[in-house]
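K.L.:
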Amino acid sequence: MAAPLPVTILNGFLGAGKTTLLQSLLVQARSHPDLRLAVIVNEMSTLDVDGRILDSSEVMSREDTRFVSIPAGSISGPEGLTRFSEAVAQFHSAAATHILVETSGSTHPWPLLEAIRVHDDIALHGFLSVVDTVTLAMDYDLGRAILPAASRHLASGNRGIENLLAEQIMFANRILLSKMDRVPMEKLRQVAEAIHPINPGADIVAMKWGNVKLADVLAMPAYDHARVATLGAELTEWDEKQGVTSMSGASDYRIDSVVIADPRPFHPQRLWDVYNHFLGEGIYRSKGFFWLPSRDKLQLLWNQTAGSVGLEIVNYWKVAALEDETLNLMPEERESLRQTLLERSPEFGDRHCRLTVIGEKDGLHTFADALRD
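At position 267 of the sequence shown (counting the first as 1) the number is 438 in our numbering, and the numbers step up by one without a gap.
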């Protein structure tokens, strides 16, 4: 019987830096010819943004048999766990040697951990919780506010964002403080000190831009399921008393998502105004692809976490290549592009704006409507 396939989970709240870490690990894997990484990407939204980001970065194609995307929900939910089990079987057939799982930011770890524990063909090694240092420093008193708020929620029979943050940290065997370059060293130390009591048994490592060594991740020992068994049982018991069927759903934390899809470009000044006047504290994450009329050749990536927005170039639109006479495309290449664009917008080709916005139900639609306008 073959040895169980090792699994590493990249968990953490919305926008903490899981996809950046995943990209970094996949790039490093190119230097390990005997390593065949398989990847599962889970997104809360129906838009497969992270999968497309990986595709455009050319570190792994979505067509690869060692890549599976699970959009529109949590991998810890019943449907997500079924898809997870199917992916594991697929990876065994593809002769993978290690599985990386990037969970959605609203995923609660416990159901996924239990599913891996009882699965005969896989074994968990790394459970990496990616924690956004900037968000904790700005919104949660350097992390000191998490446990008191989580306790208040439970006492009142509810779960809040602080519960999700705390529990993602509690189940980790390594905590990664992301965006360390965006806070002073003293604040970084204070955040580490604040979250250490939440999980005294986990290593705490600071990182920027996913700069974690793949060799260190692969060398992590088998996960100690016994260490978290009591915590998992207590959370399950709390759910049963509250009549909650599963702790995995984003709705349990009053998180929802909205998709914005429109072929028209954003107006740069209006986009700036919306960011400055409508981006409330309850908008945790928005990401996707868009275009501007002043840069109509470029496919741009929108990447917002809390109060910060990153905009970057990820690719060129196909219609821009067709319109560019300097590329000297062969006639058959031009015809292939024309056929690809036949079902797209007659005015804009494949150019489009497609974003997912994730946040608290109260205020989510106000921001989404402002973006549409």
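Virtual Cβ for every residue (Gly too), placed ideally from N, Cα, C.
Checking 8 Å against the spacing of the C-beta atoms, do residue 199 and residue 385 come in under that value?
P.N.:
Taking 8 Å as the Cβ cut-off, residue 199 and residue 385 qualify as a contacting pair.
K.L.:
Going by Cα to Cα distance, which pick from 477, 533, 541 and 519 is closest to residue 310?
P.N.:
Minimum Cα distance to residue 310 is reached at 477.
K.L.:
So which of 504, 456 and 337 has the shortest CA-CA distance to residue 319?
P.N.:
That would be 337, whose Cα lies nearest to the Cα of residue 319.
K.L.:
Using the Cβ count rule (16 or more neighbours within 10 Å means buried), how would you classify residue 495?
P.N.:
Result: exposed.
K.L.:
Cutting at 6 Å between CB atoms, please list the residues of its own chain near residue 400, excluding the five before and the five after it.
P.N.:
Nothing listed; no residue qualifies.
K.L.:
Grouping DSSP H, G and I as helix and E and B as strand, with all else coil, what is residue 334?
P.N.:
Residue 334 falls in the helix class under three-state DSSP.
K.L.:
Return the chain-ordered ranges of every beta strand (DSSP E) run that is complete within the stretch 424 to 469 and spans a minimum of 3 residues.
P.N.:
Correct list: 426 to 433 and 454 to 461.
K.L.:
Does DSSP put residue 181 in a helix, in a strand, or in coil?
P.N.:
If DSSP states are grouped into helix, strand and coil, residue 181 belongs with the strands.
K.L.:
At the level of alpha carbons, what is the spacing between residue 391 and residue 283?
P.N.:
Computed Cα separation, rounded: 19 Å.
K.L.:
Alpha carbon to alpha carbon, what distance is there between residue 213 and residue 272?
P.N.:
Whole-angstrom Cα-Cα distance: 8 Å.
K.L.:
Quick check on residue 409: does DSSP put it in helix, strand or coil?
P.N.:
In the structure shown, residue 409 sits in a helix (DSSP, three-state: H, G or I).
K.L.:
Kindly indicate which residue of 463, 351 and 499 has the alpha-carbon position closest to the one of residue 484.
P.N.:
Among 463, 351 and 499, the Cα nearest to that of residue 484 belongs to 463.
K.L.:
Tell me, please, whether the stretch 177 to 193 touches the stretch 286 to 303 by the rule of three or more beta-carbon pairs shorter than 8 Å.
P.N.:
Yes: at least three Cβ pairs fall under 8 Å.
K.L.:
Should the stretch 374 to 381 be regarded as contacting the stretch 343 to 358, the criterion being three or more beta carbon pairs within less than 8 Å?
P.N.:
These segments touch.
K.L.:
Take every Cβ of the stretch 348 to 365, pair it with every Cβ of the stretch 313 to 331, and state whether three or more of those distances are shorter than 8 Å.
P.N.:
The stretch 348 to 365, when compared against the stretch 313 to 331, does touch it at the 8 Å Cβ threshold.
K.L.:
Would you give the residue range spanned by the alpha helix (DSSP H) that residue 252 belongs to?
P.N.:
Its alpha helix (DSSP H) spans residues 249 to 264.
K.L.:
Judging by CA-CA distance, which residue of 520, 488 and 473 is the nearest neighbour of residue 527?
P.N.:
Here the closest residue by C-alpha is 473.
K.L.:
Quick test of your reading: residue 490 and residue 512, contact by CB under 8 Å. State the CB separation rounded to the nearest angstrom.
P.N.:
Sure, about 6 Å apart at Cβ, within 8 Å.
K.L.:
Have a look at residue 270 and residue 293 and give me their C-alpha separation to the nearest angstrom.
P.N.:
Cα to Cα, the separation comes out at about 9 Å.
K.L.:
What's the C-alpha gap between residue 432 and residue 173?
P.N.:
One C-alpha to the other measures close to 46 Å.
K.L.:
Straight-line CA distance for residue 210 to residue 281?
P.N.:
Their backbone Cα atoms lie some 20 Å apart in a straight line.
K.L.:
For chain D, find out if any of its Cβ atoms is closer than 8 Å to the Cβ of residue 441; answer yes or no.
P.N.:
Protein chain content of the structure displayed is limited to a single chain, and chain D is not contained in it.
K.L.:
My guess is that residue 541 and residue 445 are in contact by the Cβ rule of under 8 Å, so how many angstroms apart are they, rounded?
P.N.:
Yes, they are in contact, since the Cβ atoms of residue 541 and residue 445 sit about 5 Å apart, within 8 Å.
K.L.:
In the structure shown, what three-state DSSP assignment does residue 534 receive?
P.N.:
In the structure shown, residue 534 sits in a helix (DSSP, three-state: H, G or I).
K.L.:
Can you tell me where the beta strand (DSSP E) with residue 374 in it begins and where it stops?
P.N.:
Taken as a continuous stretch (DSSP letters only), the beta strand (DSSP E) holding residue 374 covers 374 to 377.
K.L.:
Considering only the beta carbon of each residue, do residue 429 and residue 535 sit closer than 8 Å?
P.N.:
Contact flag set, yes.
K.L.:
Under 8 Å, do residue 529 and residue 426 count as touching if we go by C-beta distance?
P.N.:
A contact, by the Cβ cut-off of 8 Å.
K.L.:
What is the DSSP secondary structure of residue 473, counted as helix, strand or coil?
P.N.:
Residue 473: strand per DSSP, three-state reduction.
K.L.:
Can you find the residues in the same chain that come closer than 6 Å, C-beta to C-beta, to residue 454, ignoring five residues on each side of it along the sequence?
P.N.:
Around residue 454: 530 and 538.
K.L.:
Could you give the DSSP three-state label for residue 480: helix, strand or coil?
P.N.:
In the structure shown, residue 480 sits in a strand (DSSP, three-state: E or B).
K.L.:
Taking Cβ to Cβ, would you say residue 624 is nearer than 8 Å to residue 182?
P.N.:
With the chain covering only 172 through 544, there is no way to say anything about residue 624.
K.L.:
How many Å lie between residue 295 and residue 275 at the Cα?
P.N.:
Distance between the alpha carbons of residue 295 and residue 275: 18 Å.
K.L.:
Given a threshold of 16 other Cβ atoms within 10 Å of its Cβ, counted over all protein chains shown, does residue 487 qualify as buried or as exposed?
P.N.:
Residue 487 is exposed by the Cβ-count criterion.
K.L.:
Taking the straight line between their C-alpha atoms, what separation do you get for residue 265 and residue 208?
P.N.:
Using only the alpha carbons, I get a separation of about 10 Å.
K.L.:
Return the Cβ separation of residue 239 and residue 258 in integer angstroms, given the expectation that the two are a contact with Cβ distance under 8 Å.
P.N.:
That pair is a contact at about 4 Å.
K.L.:
The ligand GDP heavy atoms versus the CB of residue 335: any closer than 7 Å?
P.N.:
Among the ligands in the structure shown, none appear at all, so the ligand GDP cannot be discussed.
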